[in-house]
Amino acid sequence: MVKKGFKKVFFAIMTIAMVLFVSLSLTYSWFIKTNETTYIIQAGEFEASMAVAFSGNVISTGSPYYDTNKKVIIIDAGDASSTNHIENLSVSLTITPEVTARFRIKIQDEWQLKRTYYAFSDNPIIEAISHENEAIFPGNTDYPFTIANLSNYIFDSESGYLYYNLLLEKGETLELEFITSGKARPVFANSAFYEECYVYLDFIVDIVQANRFSEVWGISPDYFE
Numbered sequence: 021m022v023k024k025g026f027k028k029v030f031f032a033i034m035t036i037a038m039v040l041f042v043s044l045s046l047t048y049s050w051f052i053k054t055n056e057t058t059y060i061i062q063a064g065e066f067e068a069s070m071a072v073a074f075s076g077n078v079i080s081t082g083s084p085y086y087d088t089n090k091k092v093i094i095i096d097a098g099d100a101s102s103t104n105h106i107e108n109l110s111v112s113l114t115i116t117p118e119v120t121a122r123f124r125i126k127i128q129d130e131w132q133l134k135r136t137y138y139a140f141s142d143n144p145i146i147e148a149i150s151h152e153n154e155a156i157f158p159g160n161t162d163y164p165f166t167i168a169n170l171s172n173y174i175f176d177s178e179s180g181y182l183y184y185n186l187l188l189e190k191g192e193t194l195e196l197e198f199i200t201s202g203k204a205r206p207v208f209a210n211s212a213f214y215e216e217c218y219v220y221l222d223f224i225v226d227i228v229q230a231n232r233f234s235e236v237w238g239i240s241p242d243y244f245e
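Numbering (the working numbering) for the sequence shown: 21 to 245.
The following block contains the structure:
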């Protein structure tokens, strides 16, 4: 049990690549696994659901594109013919608060380039690929995800959070298109080797009562002005 008013953070359960249902409470919360494809956090003030899809087909925890151990979405950023290719990715979010609220979201993506030499196919070389948080801004074509209505967010490069700059009104459902696509990374192949590039994706979603965002998130009361 947590004291009333303490912030609740819904971590990467939202990454389970499917329509999933979430409640966030200012009092307490607990997890319930209802079946193979749905997780619920229950308690009260906030309810949210997220859908992750490839080419419009929402995926579940039973999908080959979801790692049940790491709890991440698996995206192919190299092979354009793959079903889970990054350009086919879309993510949407629905939130219904019982109190006026604000929310922020962080994209957590791990990129790996895998190079396999035909002569040593049992020992592929795996290289981590990184990009900087501060790359998220309107017009930047290098950032690997296309975020819908990016002007509705304030990006904090230090924390990596995108702060939604509009209020979530009490009792009103916000249906939010979040990611609409992604940017592929070139991969190469020749007579000696071939490359593959994979992205492992999850999110942190944090929803708080609107009049407490400054206290809970540790930012200025004038942050959204």
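Cβ coordinates follow ideal geometry from the N, Cα and C atoms, glycine included.
In this text, all values refer to a predicted model and were calculated from it rather than measured experimentally.
- With fewer than 16 neighbouring CB atoms inside 10 Å of its own CB, N169 falls in the exposed class.
- Rounded to whole angstroms, the Cβ separation of R135 and E215 is 5 Å, and the two are in contact under 8 Å.
- Y138 sits close to F213, with the two beta carbons spaced by under 9 Å.
- Annotation: H105 to A97 spans about 6 Å, alpha carbon to alpha carbon.
- Rounded to whole angstroms, the gap between the alpha carbons of L196 and S150 is 27 Å.
- About 5 Å separates the CB atoms of A73 and S110; that is less than 8 Å, so the two are in contact.
- Distance from the Cα of G238 is smallest, within the candidate group T81, T120, Y183, for Y183.
- With respect to the 9 Å criterion, T193 and T88 are not classified as neighbours on the basis of their beta carbons.
- Around the C-beta of G191, fewer than 16 other C-beta atoms lie within 10 Å, and the residue is accordingly described as exposed.
- Annotated as distal: S69 and T120, with beta-carbon spacing of 9 Å or more.
- When the Cα atoms are used, N143 and Q128 turn out to be separated by approximately 27 Å.
- With 16 or more other CB atoms across the displayed protein chains lying within 10 angstroms of its CB, S83 is buried.
- Taking 9 Å as the cut-off, the beta carbon of V219 is found closer than this to the beta carbon of Q132.
- For a cut-off of 8 Å, the C-beta gap from F223 to I94 is around 15 Å, too long to register as a contact.
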